[in-house]
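Numbering (the numbering used here), first residue to last: 91 to 284. So the structure is just underneath, and the comments pick up after that.
Structural data, given as structure tokens:
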């Protein structure tokens, strides 16, 4: 098999993997009545034409932020592989109060129906830094715990994470219980009446 054939075979495998992921875990499109993967990561929202950028992928085409469709081939091969790697990297993707583009009802977090809430890691780091600065001499043990949390969170690469509502526990992609926590929250979201 030539390198060209190997490359084309790899490209075909990436396409099939994306199609399978869309069919099994896709959510309703904002633009069409079809299942899609929503592209939340700005680094993957590749420019498709002028002010139009990739916002969704269906099983057969790319969809831009205005709802226009494009063939997979408009992306450079390296962009397509990067997209496939990121989509298939984890079963679940957290974003602002959402998992895999499925919006979690605010009621769940407001009424503390779940033991965790979804947090923007960088925003939480800013908040934690402010809290550390506000600690007085009478709260040195709290300050030490917050500094340890800060050091740990600075090492994490995830944009969003779960924060416990009762302790200083954090769950993010790569933790042994990340997928289970996502599944539990999605199940609760289905069962919770608006």
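Cβ atoms here follow ideal geometry from the backbone N, Cα and C, with glycine treated the same way. Remember, it's a predicted structure, so these values are computed and weren't measured experimentally.
Element boundaries [alpha helix (DSSP H), containing residue i]
i, result
"residue 251", "Careful: residue 251 lies outside any alpha helix (DSSP H), inside the beta strand (DSSP E) at 250–254."
"residue 209", "Residue 209 -> not in any alpha helix (DSSP H); beta strand (DSSP E) instead, spanning 206–210."
"residue 123", "Here residue 123 belongs to no alpha helix (DSSP H), and DSSP marks it neither H nor E."
"residue 137", "Looking at the DSSP string, residue 137 is not in any alpha helix (DSSP H); the run it does join, the beta strand (DSSP E), is 137–139."
"residue 129", "Looking at the DSSP string, residue 129 is not in any alpha helix (DSSP H), and its letter there is neither H nor E."
"residue 153", "Looking at the DSSP string, residue 153 is not in any alpha helix (DSSP H); the run it does join, the beta strand (DSSP E), is 152–154."
"residue 270", "268–281"
Residues near residue i in its chain [Cβ-Cβ closer than 6 Å; skip 5 each side]
i, result
"residue 135", "129, 143, 144"
"residue 192", "117"
CA nearest to the CA of residue i, picked from the options
i, options, result
"residue 170", "141, 97, 273", "97"
"residue 248", "149, 182, 195", "182"
"residue 264", "246, 258, 93", "246"
"residue 258", "240, 210, 250", "240"
"residue 167", "99, 120, 266", "99"
"residue 161", "256, 105, 238, 235", "105"
"residue 125", "102, 139, 149, 107", "149"
"residue 174", "94, 95, 101", "101"
"residue 121", "153, 232, 109", "153"
"residue 119", "131, 93, 222, 190", "190"
"residue 218", "235, 228, 95", "235"
Helix, strand or coil at residue i according to DSSP, with G and I counted as helix
i, result
"residue 176", "helix"
"residue 260", "strand"
"residue 193", "strand"
"residue 246", "coil"
"residue 188", "strand"
"residue 183", "coil"
"residue 158", "coil"
"residue 103", "helix"
"residue 202", "coil"
"residue 166", "coil"
Opening and closing residue of the beta strand (DSSP E) in which residue i lies
i, result
"residue 147", "142–147"
Cβ neighbours of residue i in the same chain (closer than 8 Å, five flanking residues each side left out)
i, result
"residue 198", "204, 275, 278, 279, 282"
"residue 210", "186, 249, 250"
"residue 172", "134"
"residue 331", "Nothing can be reported for residue 331: it is not among the residues displayed for the chain, which extend from 91 to 284."
"residue 214", "243, 251, 253"
"residue 164", "138, 152"
Chain-order list of residues whose beta-carbon lies under 7 Å from that of residue i (same chain, five-residue window excluded)
i, result
"residue 269", "181, 182"
"residue 220", "none"
"residue 261", "206, 251, 252, 267, 268, 271"
"residue 255", "202, 205, 206, 207"
"residue 156", "142"
"residue 158", "142"
Which complete beta strand (DSSP E) runs does the segment 219–245 hold, if anything under 3 residues is left out? none
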